[in-house]
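So the structure is just underneath, and the comments pick up after that.
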Amino acid sequence: MTSEKNNSVLIPHEGGTRGYHCLRSFGKRGFDTILGADGTTPGSMSRYCDETVSLPSTETDLEVYKDALLEVASRSDVRTIVPVWEATAFVLSKYRDEFEDHVDLAVPSLDQLRTVQDRVRLVEAAERAGVPAPETRPLTEVENWDRELLVKSRYNLLTSDYVDSFSSGSGTSDRIEHLRVGERPDVDELVADMDHVPIAQEFVKWRDEYMVGAICDRGRPVATIQLRQIRENSYKGGGGVYRKTTYEPDLDRVARDLLSELDWHGLACLEYMEDADTGEFKLTEINPRIWQSIGPSMRAGQDFPYYYWLVASGEADRIDPAYELGVGSHLLMGEAQHLKSILDEDSPRVEKPNFYATLGAVALSCLVEPRFDILRFDDPAPFFYGAFSGIRQRLGSTLEADSGPEPIGNRAEYAVDSAEE
981 MTSEKNNSVL IPHEGGTRGY HCLRSFGKRG FDTILGADGT TPGSMSRYCD ETVSLPSTET
1041 DLEVYKDALL EVASRSDVRT IVPVWEATAF VLSKYRDEFE DHVDLAVPSL DQLRTVQDRV
1101 RLVEAAERAG VPAPETRPLT EVENWDRELL VKSRYNLLTS DYVDSFSSGS GTSDRIEHLR
1161 VGERPDVDEL VADMDHVPIA QEFVKWRDEY MVGAICDRGR PVATIQLRQI RENSYKGGGG
1221 VYRKTTYEPD LDRVARDLLS ELDWHGLACL EYMEDADTGE FKLTEINPRI WQSIGPSMRA
1281 GQDFPYYYWL VASGEADRID PAYELGVGSH LLMGEAQHLK SILDEDSPRV EKPNFYATLG
1341 AVALSCLVEP RFDILRFDDP APFFYGAFSG IRQRLGSTLE ADSGPEPIGN RAEYAVDSAE
1401 E
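Residue 1056 in our numbering sits at position 76 of the sequence shown, with consecutive numbering throughout.
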């Protein structure tokens, strides 16, 4: 492995807070950091950002994005590329041979990646591993509607490799429908709206929701962390916005069994629900990249961006997998999104909490545990720049409220946490 001093790490960024934490991780360790983005981002304001380069949007043309990424990767100082978003993970896996001529990577094969980005194939892999998962099938194959079901995208990422209607770019579909027992949805309308045949999945009544972050070296998890998701983007579920590190032996077992079955290599974010009736930890999805809750993971002593570098460089034995329990952190704009969901959203499956009680709980937890993902006194510019940008964006959205629905794509997810970037 080459000396870490003056090595450059490329961090492709398309919004959210994950790229900032990667900048912070590598910058504090003396790496030269390169932030790649489509336009200006709050992360470029960080003291840990040494250089910015322009990268095209992955939504428009993945081939063009790949070529631009490869051009930066071919620089003699660039040693690795961190998969921060699904589209970047996809490009690195699909064109792994081309990138590995220039940089060290820790990414799965394209076939392995497809297994986790296709929720039908993922559930089949969980069944082979003996890991509990909700019953899942394509929406067009459902015959019995007299059950508690939800409808969501089949794929974490929509590309032409997975969906025929996509020609060159990529996108996501964030729509989730909670169906009433006996309700038969308009299947054609859902297929048209989501640009593919989505899945119908058994609704799990959960006691708690958890996330397991992992870095694997060819099927062997060399470091994992568990976080209990106390609050999420929405009261109906989503990405964690207030979470605490924890350890549950059964959760550790099912996560390791699945990663072994997948022979996984690289980063993995596994999401689980603790079934309120059975106590089982049921898998809901895997994301092959840095996770939204990387902030509390790093505060607890697990520097996963750096661990990624070590695995990619063949130095996995340098990783110390220990971490501190009970460490919590808040994503402030996510907390606001959670409160807003109580006012704006409804579900026949999930009981809506009291708004004022939740507001009090948010305020109290911020006072008792004043740790925040992006609000850092040693690096305040990204938070305040992002907050200003977020307010301006929301004011603009209000003025353009009649312009039509949000198109399928990554931007809907970014709006949740971009102001805290």
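Here a beta-carbon is modelled for each residue, glycine too, at the ideal position from N, C-alpha and C.
As assigned by DSSP and simplified to three states, the class of residue i
i: C1029; result: coil
i: Y1000; result: helix
i: W1065; result: coil
i: E1078; result: helix
i: L1072; result: helix
i: L1138; result: strand
i: T1095; result: helix
i: E1254; result: strand
i: W1289; result: helix
i: S1427; result: Residue 1427 lies beyond the stretch modelled for the chain, which goes from 981 to 1401, so this question has no answer here.
i: G1193; result: strand
i: K1185; result: coil
i: G1151; result: strand
i: G1306; result: coil
i: Y939; result: Outside the modelled stretch of the chain, which goes from 981 to 1401, sits residue 939, for which no answer is possible.
i: K1046; result: helix
i: K1132; result: strand
i: R1233; result: helix
i: E1157; result: strand
i: A1113; result: coil
i: F1363; result: helix
i: I1270; result: coil
i: F1357; result: coil
8 Å CB neighbourhood of residue i in its chain, flanking five on each side removed
i: D1175; result: L1138, V1143, S1145, F1146, G1151, S1153, I1388
i: D1197; result: A1086, H1245, V1291, A1296
i: G1162; result: W1125, D1126
i: R998; result: V1064, W1065, R1269, I1270, W1271, Q1272, I1274
Buried or exposed (CB count within 10 angstroms, at least 16 for buried), residue i
i: G1110; result: exposed
i: R1208; result: buried
i: E1169; result: exposed
i: N1136; result: buried
i: P1229; result: exposed
i: D1353; result: buried
i: V1348; result: exposed
i: G1259; result: exposed
i: S1277; result: buried
i: P1328; result: exposed
i: R1233; result: exposed
i: P1350; result: exposed
i: D1283; result: buried
i: F1364; result: exposed
i: F1079; result: buried
i: G1010; result: exposed
i: Y1336; result: exposed
i: R1164; result: exposed
Residues of its chain near residue i, where Cβ-Cβ distance is below 6 Å and the 5 sequence neighbours each way are ignored
i: A1048; result: L1035, P1036
i: Y1045; result: P1036, T1038
i: S1240; result: G1199
i: R1004; result: Y1028
i: T1068; result: P992
i: T1251; result: A small fix is needed here, since residue 1251 is Glu in this sequence, not Thr. Excluding sequence neighbours, E1251 sits near M1191, T1264, E1265.
i: Q1181; result: P1114, T1116, L1130
i: W1271; result: G1193, C1249
i: N1112; result: Checking the sequence shown, residue 1112 turns out to be Pro, not Asn. Result list for P1112: E1260, K1262, in chain order.
i: W1289; result: T1060
First through last residue of the alpha helix (DSSP H) which encompasses residue i
i: P1276; result: 1274-1279
i: G1340; result: 1335-1348
i: I1322; result: 1312-1324
i: E1121; result: Here E1121 belongs to no alpha helix (DSSP H), and DSSP marks it neither H nor E.
i: L990; result: Where L990 is concerned, there is no enclosing alpha helix (DSSP H), although the beta strand (DSSP E) it sits in stretches over 988-993.
i: D1297; result: Segment: none, D1297 is in no alpha helix (DSSP H) and carries neither H nor E.
i: A1017; result: Per DSSP, A1017 belongs to no alpha helix (DSSP H); it is in the beta strand (DSSP E), 1012-1017.
i: L1170; result: 1167-1174
Cβ-heavy atom distance, residue i to the ligand NAP, below 8 Å
i: R1223; result: This structure does not include the ligand NAP; it has no bound ligands of any sort.
Which listed residue (the options) has its alpha carbon closest to that of residue i
i: A1256; options: L1250, T1038, F1183; result: F1183
i: D1041; options: R1117, D1018, P1063, Y1227; result: D1018
i: E1066; options: I1274, V989, I1266, P1301; result: I1266
i: Y1286; options: H993, I1210, C1002; result: C1002
i: P1360; options: G1023, K1008, G1007; result: G1023
i: P1201; options: V1221, V1171, L1247; result: L1247
i: I1156; options: A1172, I1179, K1262, G1162; result: I1179
i: G1217; options: R1094, E1331, L1344, D1098; result: E1331
N- and C-terminal bounds of the beta strand (DSSP E) containing residue i
i: Q1181; result: 1179-1182
i: E1212; result: 1200-1212
Cβ neighbours of residue i in the same chain (closer than 7 Å, five flanking residues each side left out)
i: R1279; result: V1307, S1309, R1351
i: C1346; result: H1310
i: V1402; result: Outside the shown range of the chain, which is 981 to 1401, sits residue 1402, and nothing can be said about it.
i: M1025; result: A1361, P1362, Y1365
i: V1071; result: L1042, Y1045, K1046, L1049
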